[in-house]
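Data block below; observations after.
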Amino acid sequence: MSAVRPRPRVPAPAGAARLSPRAPSRPTTVALLLASATAVLAVVALMLGDYPLTVPQVLTALTGTGGFESTIVLEWRLPRVTAAILFGAALAISGALFQTLTRNPLGSPDLIGFATGSYTGVIVVTVLLGTSVVTTTAGALLGGLATAVVVYLLAYRRGVQGFRLIVVGIGVTAMLHALNTWLLLRAQEEVAMGAAIWGTGSLSLTSWADVVPAVAVLLVTAPLVLWASRPLRQLELGDDAAAATACASSPPGSRSSASASCSPPWSPPPPAPSRSSPSPHPRSPGASGPAPASRSCPPRSPAPSCCSAPTCSRSTSRPSPYPSAS
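Using full-length UniProt numbering, read the sequence shown as starting at 1 and increasing by one per residue.
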């Protein structure tokens, strides 16, 4: 017999590792495109206005050496552009959360009714207490929270489904729109105009003092959303898939991981009981015929403490086909 010769190894070319670079993922590409478009639009917004500027003038004004142009850019236009970017990011985060939780592209705060409820709170506070930053913010928060509670309670039927939540939210939004119109018609003209400006949204009088709260809110909420992004992606697969993959996504010590650890590990099937094993039930001296067969509980792996151990009958006797001797 001839010996089998091993195949000679062909060395890989020196540049083979660099021939097929890893392509960026689709979310990364989309994020880069959106960031580039946002930067371009921000520069365009700094250029446009009653006093138009060129790109070199905007860049010079950003450094603080442009004189009157620096005042226009740094004090008037840049706060509005920064606030628009931050407010848009907050709206995008809230929309992504609602669409993921409801598993429906129609799930958004304005469609479900939360934004309309915030507007209702602002109108009520403005009519009763007047217009100020503190009262307006508190009224918007309380109105949105109250609307969220009402929508949740109306949509709850042994759980909350995304489709039912959206349908109930649309109905609540229509009712709140009618209530807001009635409140504006009953209020004074100045109060109604102030509330209407808040409802439509305006960045005309935005300053750096208005940007600070938006930065603080995003610094708190954005890391939380990033931390919960993996469980939120699992929710898009459905309730069953999310429950099945809860063990891998939940941290140790949480409720989901504890409940998942209750399932016992796989063990091979027990061997069949031997027919020649002695019966645990003694026979009477005058009885004849074969002894009644007994079945013992097969050995099982010990069940975890969080789960109930399986139960089985200790013995099962079959009647003898032969009559006993009298």
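Don't be surprised by glycine CBs; every beta carbon is placed ideally from N, CA and C.
For residue i and residue j, what's the separation of their Cα atoms in angstroms?
{"i": "LEU179", "j": "VAL124", "result": "10 Å"}
{"i": "TYR51", "j": "VAL43", "result": "14 Å"}
{"i": "ARG103", "j": "TRP76", "result": "41 Å"}
{"i": "residue 345", "j": "GLY143", "result": "Any property of residue 345 remains undetermined from this structure, which presents the chain solely from 1 to 326."}
{"i": "VAL58", "j": "ASP210", "result": "23 Å"}
{"i": "ALA96", "j": "GLY67", "result": "42 Å"}
{"i": "ARG230", "j": "PHE98", "result": "15 Å"}
{"i": "LEU226", "j": "GLU189", "result": "44 Å"}
{"i": "GLN161", "j": "TYR152", "result": "10 Å"}
{"i": "MET193", "j": "HIS177", "result": "16 Å"}
{"i": "SER25", "j": "ALA31", "result": "10 Å"}
Taking only three categories from DSSP, how would you classify residue i?
{"i": "PRO264", "result": "At PRO264 the pLDDT is 44, less than 50, meaning the model places this residue with poor confidence and gives no usable figure here."}
{"i": "ARG103", "result": "coil"}
{"i": "ILE166", "result": "helix"}
{"i": "PRO52", "result": "coil"}
{"i": "GLN57", "result": "helix"}
{"i": "ALA187", "result": "coil"}
{"i": "TYR156", "result": "coil"}
{"i": "SER70", "result": "helix"}
{"i": "SER25", "result": "coil"}
{"i": "ALA148", "result": "helix"}
{"i": "GLN234", "result": "helix"}
Just to confirm, is the Cβ distance from residue i to residue j under 9 Å?
{"i": "ALA84", "j": "VAL73", "result": "no"}
{"i": "ALA222", "j": "ILE93", "result": "yes"}
{"i": "ALA146", "j": "GLY107", "result": "no"}
{"i": "THR136", "j": "TRP182", "result": "no"}
{"i": "ALA195", "j": "LEU184", "result": "yes"}
{"i": "ALA138", "j": "TYR119", "result": "no"}
{"i": "ALA38", "j": "MET47", "result": "Note on residue identity: the sequence assigns Thr, not Ala, to residue 38. Not a contact, by the Cβ cut-off of 9 Å."}
Is the shortest distance between the beta-carbon of residue i and the beta-carbons of chain B less than 9 Å?
{"i": "GLN161", "result": "Absent from the structure: chain B. Only one protein chain is present."}
Excluding the 5 residues preceding and the 5 following residue i in the sequence, name in chain order all residues of the same chain whose CB lies nearer than 6 Å to its CB.
{"i": "LEU232", "result": "THR100"}
{"i": "GLY64", "result": "SER70"}
Keeping to the same chain, check which residues put their C-beta closer than 7 Å to that of residue i; ignore five residues upstream and five downstream.
{"i": "SER207", "result": "PRO79"}
{"i": "PHE114", "result": "GLY144, THR147, ALA148"}
{"i": "VAL191", "result": "THR126, VAL127"}
Near residue i, which residues of its chain fall below 8 Å by C-beta distance, leaving aside the five closest residues on each side in sequence?
{"i": "LEU111", "result": "ILE166, GLY169, ILE170, THR173"}
{"i": "LEU86", "result": "VAL211, ALA214, VAL215, LEU218"}
Quick one: is the Cβ of residue i within less than 8 Å of any heavy atom of the ligand FMN?
{"i": "GLY121", "result": "What this structure holds is no ligand at all, so the ligand FMN is not there to describe."}
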